[in-house]
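**Student:** One structure, as structure tokens, below. Some questions next.
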Amino acid sequence: MKWIAAVLFTAMLVLLPSFAGDFYINLASQILIAAVFALSLNLLVGFGGMTSLGHASFLGVAAYISALLTSRYGFAHGPAAIVSIAGTTAMAAVFGVIALRASGLGFLMITLALSQVLWGLAYRMSNVTNGDNGIAGLTRPMPFGASLDSAASFYWFALAVAAVAFLMMTTFVSSSFGSSLKGVRDQPRRMAALGFNPWMIRWIAFIYAGFWGGVSGLLYVYYNKYIHPTSLSTTSSAEALLGVIAGGSGTLGGPIVGAALVLLLKNYASAYVERWNMLLGLVFLFIVLVMPTGIVPGLNKLQNRRRRSQ
Amino acid sequence: MTSSGSAFALEISHLKKSFGGLVVTQDVSLAIRPGERRLIIGPNGAGKTTLFNQITGDLRPTSGEVRLFGADITQLAPYQRAHLGLSRTYQIIALFDHDTLEHNVTLGLLGLRPSRWQMWRPLSHYRDLSTEARRILDAVGLLHLAGQLVSDIAYGEKRRVELAMALAQNPRVLLLDEPLAGLSNAERATVKQLIAAIPRETAIVMIEHDMDTALDLAETVTLLNYGRVIVDGERDCVVADQRTREVYLGV
Amino acid sequence: MQFWIIQGLNSLSLGGLLFLLSSGFSLIFGLMRLANLTHGAFFMLGTYFGATAMRAYSDLSIWAVAFGAGVAVAAIGGLFERLVLTRLKTNPLGQVLVTLGMSFIISDACLMLWGGDSIPVPTPPNLRSPTRLFGLVFPTYRLVLVGCAVAAAMLLYLLLERTRLGAMIRAGVDDGPMARAVGIPVSNLFTIVFCLGAGIAGAGGVLGGPILSAYPGLDGDMLPLALIVVILGGIGSLLGAFIGSFIVGFIYTFGTALFPELAYIILFLPMILVLAFRPQGLLGRLGT
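Structure representation (structure tokens):
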């Protein structure tokens, strides 16, 4: 039964452009990008037990590197993407060493501080980053010569990348390393007594999360053909965190649902409500107070209750 | 009971631990031979668990040395000591509540294997780990609960899972921190049987604050009070010692 | 030479403002183990209140406005604490997230009520004429701010060291569970301290108006500074907040004047270094 649902769902995803208009296809692309970003954050938050308020750093840095290399230094997209991801991953390694000096709230504050530093740099070093104007007029890559300029073609590109990301993260989470990461989340002292190196496990997870954050950053800058310091802001990190928590941080599906929710709210709300930030804040309050474990676990519980009563 | 020679499984030399002005461990020296069964007793607050924590590396001693089979491990992190053959159970149960018993024991097996770093294959694909974990659960009489979550089993059964996880590491020195605490008489008998059945390759150091419960498992006994070693030697000698009576009766 | 003196005074006055901002943050952090990410918004709310009041009634005493705004912001903080924060006692992460959410709500509300333009706040007329000291000319208001900070520090010191309430607060900061065990009404204390912290921030916002102006984003500019002050100075320590405020005031003022592009790095680097190399000293009370 589950297989049929999965096949139908996949078919629907692949065939979306054939029955939906450009607006919805683009919305779906944005959801995919947000989903990859949220999934990468969830590796830290849900599976690693490390709550970060600076994840936008990885998205933003990858995006900016790609933007600068292609628009200003004449790089082709392929090499630019490689440098961008390599750079972001290296940055994640460095940030991880600093942030993992603390845990819990201290970790949160360090990640917040680090991303603020990057935001400040992006904002103020105008001769490099164009400051508040952002970098516009960017192009999308042409994998194997195919253009990604149409809504449908970009959507399929994003879908392919997101599918790979999802599969790799699923594998990661159920692997022995993934199990040791979850173990360190739950009982770090016990894990150390069993022979696991908690710091190394957390650091590697941090780097991996940064890697995928960078991938989402590339998708982001390709889609928008524009990058602005806001993408590095705390609000951007907070939106991703909200998506992860709202959807359910202990699961793989949760962040996708949560990211979609946040994005849809953002897009639709801004048509009716001018004050998106206020709405975001209220949603934060609502989720934390009413549904602290998130939507997907909440739905699972409902499903289990129904099964038991049958 | 002191003997010269470096053939000790675990050797603690002049260990001292102080927190600011409070000295919790005072000049403690112990020597445990391979395969020995040592019981560490003492009233609450004597510093027994603190001593364990310094042996495992969870606490750094203020001064003194810890040696495992001759190697100085005083500065090593806890996970490094596990790889040298040290294993422990906890006074307050520290299991993975939301996972199955089999998964808990599997983690105990995984900690010392290189495959713990592997990120591409699902853990469930490692058949040998699963078989071994189930064998260990069977050895402690919990195979029938292998698929249950730890949060759903009884306290006595959790104590046996703790033991199973520690034994999964095939330790050369096993530290048991109050393994019989909170157990009913029947459960206690079961756990004691399991401890008695541990092979001689493993030296066991056990903490209990109630002297009588674990006495028959011990060959040698160390009595701690206020962070100091008061009496140390063969079981019957320590039991008969006047100082032991003083500590426990407060005379 | 003039440059250094001017920047020096600016540093001192910014330090004074930062103390008004971060003393509350530090108390809340120390007692409630809560990183109150709403604190910048509380400050900004005060600045906006002050801007409206001072522009509408130019003969109002800035002290009265500061007091009034402090009370108003304290009330808002108290409601938030009672209605939202108390429900999240077992969820420290959730507490941080709702303070973040609350900061979004407040900052957007300010945007809605006061618009997107920066609102300059007039310096109180009786403090406009410059002061002459040692043959140099200083803007009076900035000197006054330093005095305010010192006065506030002394008042807070008296409160904490000489009153029963202060003793209870200190007990709660040192050992929360123990304090509860001896009968100290810790949850009421939480509300009082949260209101106090928010109120001081609000009052500080009013006093900061003539120097900073009221503008959207003020909360985002001030909150990181409060974070840095508290990390450098130590959580829950009034003296630490006092010293830290002036250190940060100097770093920020001279940093922005001399290396504007690197301002954020200069500002955050000490904090990151402290967190990275002395986490146990400052954060030993957090988490475990």
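Chain order of the listed sequences is A, B and C.
Note that the numbering used here has the first sequence beginning at 120, numbered continuously upward.
Note that the numbering used here has the second sequence beginning at 22, numbered continuously upward.
Note that the numbering used here has the third sequence beginning at -11, numbered continuously upward.
No residue lacks a Cβ here, since even glycine has one placed at the ideal position from N, Cα and C.
Quantities reported herein were computed from a predicted structural model and do not represent experimental measurements.
Can you give me the C-alpha to C-alpha distance between S1/C and T290/A, rounded to a whole angstrom?
**Tutor:** Approximately 56 angstroms, taken between the alpha carbons.
**Student:** Report the three-state DSSP secondary structure of D198/B (helix, strand or coil).
**Tutor:** Of the three classes helix, strand and coil, the one that applies to D198/B here is strand, per DSSP.
**Student:** Given a cut-off of 8 angstroms, decide if V109/C and M42/C are closer than it, judged by their beta-carbon atoms.
**Tutor:** Contact flag set, yes.
**Student:** Assign N252/A to one of two classes, buried (16 or more other C-beta atoms within 10 Å of its C-beta) or exposed (fewer than that).
**Tutor:** Looking at its Cβ environment, which holds fewer than 16 other Cβ atoms inside 10 Å, N252/A is exposed.
**Student:** Hey, A224/B and R193/B: beta-carbon distance below 8 angstroms or not?
**Tutor:** Yes, the Cβ-Cβ distance between A224/B and R193/B is below 8 angstroms.
**Student:** Mind checking the segment 364 to 386 of chain A against chain C and listing, in chain order, the residues whose C-beta falls within less than 8 angstroms of any C-beta there?
**Tutor:** For the segment 364 to 386 of chain A, which is checked against every Cβ of chain C, the residues closer than 8 angstroms are I364.
**Student:** Could you check which residue in S50/B, F29/B, G132/B and N74/B has the C-alpha nearest to that of G91/B?
**Tutor:** Comparing Cα positions, the closest option is F29/B.
**Student:** Looking at chain C, is there any beta carbon in it that lies within less than 8 angstroms of the beta carbon of R321/A?
**Tutor:** False, the Cβ-Cβ gap to chain C never drops below 8 angstroms.
**Student:** Comparing alpha-carbon positions, which option in T208/A, L163/A, V363/A and F177/A lies nearest R70/A?
**Tutor:** Because chain A spans 120 through 429 in this model, residue 70/A falls outside it and cannot be assessed.
**Student:** DSSP on N191/B, reduced to helix/strand/coil?
**Tutor:** In the structure shown, N191/B sits in coil (DSSP, three-state: anything other than H, G, I, E or B).
**Student:** Under the rule that 16 or more other beta-carbon atoms within 10 Å means buried, what is P136/A, buried or exposed?
**Tutor:** By the 10 Å Cβ count, P136/A comes out buried.
**Student:** Nearest by alpha-carbon distance to F296/A: which of S151/B, G68/B, P55/B and P135/B is it?
**Tutor:** Checked all of S151/B, G68/B, P55/B and P135/B; the closest Cα to F296/A is P135/B.
**Student:** Does any CB atom of chain A fall closer than 8 angstroms to the CB of Q190/B?
**Tutor:** So, interface residue.
**Student:** I want to verify the contact list: residues of chain C whose CB lies under 7 angstroms from the CB of T170/A, in sequence order.
**Tutor:** The answer, in chain order, is L81.
**Student:** Hey, how far is the Cα of L122/B from the Cα of L148/C?
**Tutor:** About 51 angstroms.
**Student:** Decide if I157/C is buried, meaning its Cβ has at least 16 other Cβ atoms within 10 Å, or exposed.
**Tutor:** By the neighbour-count rule (16 or more Cβ atoms within 10 Å), I157/C is buried.
**Student:** If you compare alpha carbons, which of G362/A, A390/A and G329/A is closest to L382/A?
**Tutor:** Closest option to L382/A, Cα to Cα, is G362/A.
**Student:** Measure from the alpha carbon of G248/B to the alpha carbon of each residue in P220/B, T70/B, L184/B and E32/B, then state which is nearest.
**Tutor:** With distances taken between Cα atoms, G248/B lies closest to T70/B.
**Student:** With H, G and I counted as helix, E and B as strand and the rest as coil, what does DSSP make of V72/C?
**Tutor:** Coil, per DSSP.
**Student:** Distance cutoff 8 angstroms, beta carbons only. Does R181/B sit that close to anything in chain A?
**Tutor:** By this cut-off, R181/B is not an interface position.
**Student:** Mapping the DSSP letters down to three states, classify L205/B as helix, strand or coil.
**Tutor:** Before going on, a small fix: residue 205/B reads as Ser here, not Leu. It is coil, neither helix nor strand.
**Student:** Helix, strand or coil for Q331/B? Go by DSSP, reduced to three states.
**Tutor:** Within the shown structure, residues of chain B are numbered from 22 to 272, placing residue 331/B beyond reach of any answer.
**Student:** Quick check on A186/A: buried or exposed, where buried means 16 or more other Cβ atoms within 10 Å of its Cβ?
**Tutor:** A186/A should be labelled buried.
**Student:** Determine the direct distance from the alpha carbon of Q139/B to that of V258/A, and round the result to whole angstroms.
**Tutor:** In the sequence as displayed, the identity of residue 258/A is Thr instead of Val. Cα-Cα distance, rounded: 38 angstroms.
**Student:** Residues of chain B with CB closer than 9 angstroms to the CB of R309/A, please, in chain order.
**Tutor:** Correct list: Y111, A115, L116, F117, L128 and M186.
**Student:** If we call anything under 8 angstroms between Cβ atoms a contact, is Y129/C one with P198/C?
**Tutor:** In this structure, P198/C lies closer than 8 angstroms to Y129/C by Cβ.
**Student:** Would you say G89/C faces chain A, with C-beta separation under 8 angstroms as the test?
**Tutor:** Yes, G89/C counts as interfacial toward chain A.
**Student:** Does DSSP classify R109/B as helix, strand or coil?
**Tutor:** Correct three-state label for R109/B: strand.
**Student:** Could you name the residues of the same chain whose beta carbon sits closer than 6 angstroms to that of F238/C, not counting the 5 residues immediately before and after it, in chain order?
**Tutor:** Counting only Cβ-Cβ distances below 6 angstroms, and skipping sequence neighbours, we find S(-1).
**Student:** Among the candidates L286/A, G372/A, Q422/A and A147/A, whose CA atom is the shortest distance from the CA of W276/B?
**Tutor:** For residue 276/B there is no data in the structure shown, the boundaries of chain B being 22 and 272.
**Student:** Mapping DSSP to helix, strand and coil, what is N246/B?
**Tutor:** In the structure shown, N246/B sits in a strand (DSSP, three-state: E or B).
**Student:** Pick out whichever of Y147/B, V226/B and Y269/B has its Cα sitting closest to the Cα of N246/B.
**Tutor:** When each option's Cα is compared against that of N246/B, the closest is Y269/B.
**Student:** Going along the chain, which residues of its own chain have a beta-carbon closer than 6 angstroms to the beta-carbon of G332/A, five neighbours each way excluded?
**Tutor:** Hits under 6 angstroms: S159, H174, F177 and L178.
**Student:** Any beta-carbon of chain B closer than 8 angstroms to the one on A312/A?
**Tutor:** With 8 angstroms as the cut-off, A312/A counts as an interface residue toward chain B.
**Student:** Cβ of R137/B less than 8 angstroms from any chain A Cβ?
**Tutor:** It does; some Cβ of chain A falls within 8 angstroms.
**Student:** Count the C-beta pairs between the segment 30 to 42 of chain C and the segment 180 to 199 of chain C that are closer than 8 angstroms, then say yes if the count reaches three, no if not.
**Tutor:** Yes, the segment 30 to 42 of chain C is in contact with the segment 180 to 199 of chain C.
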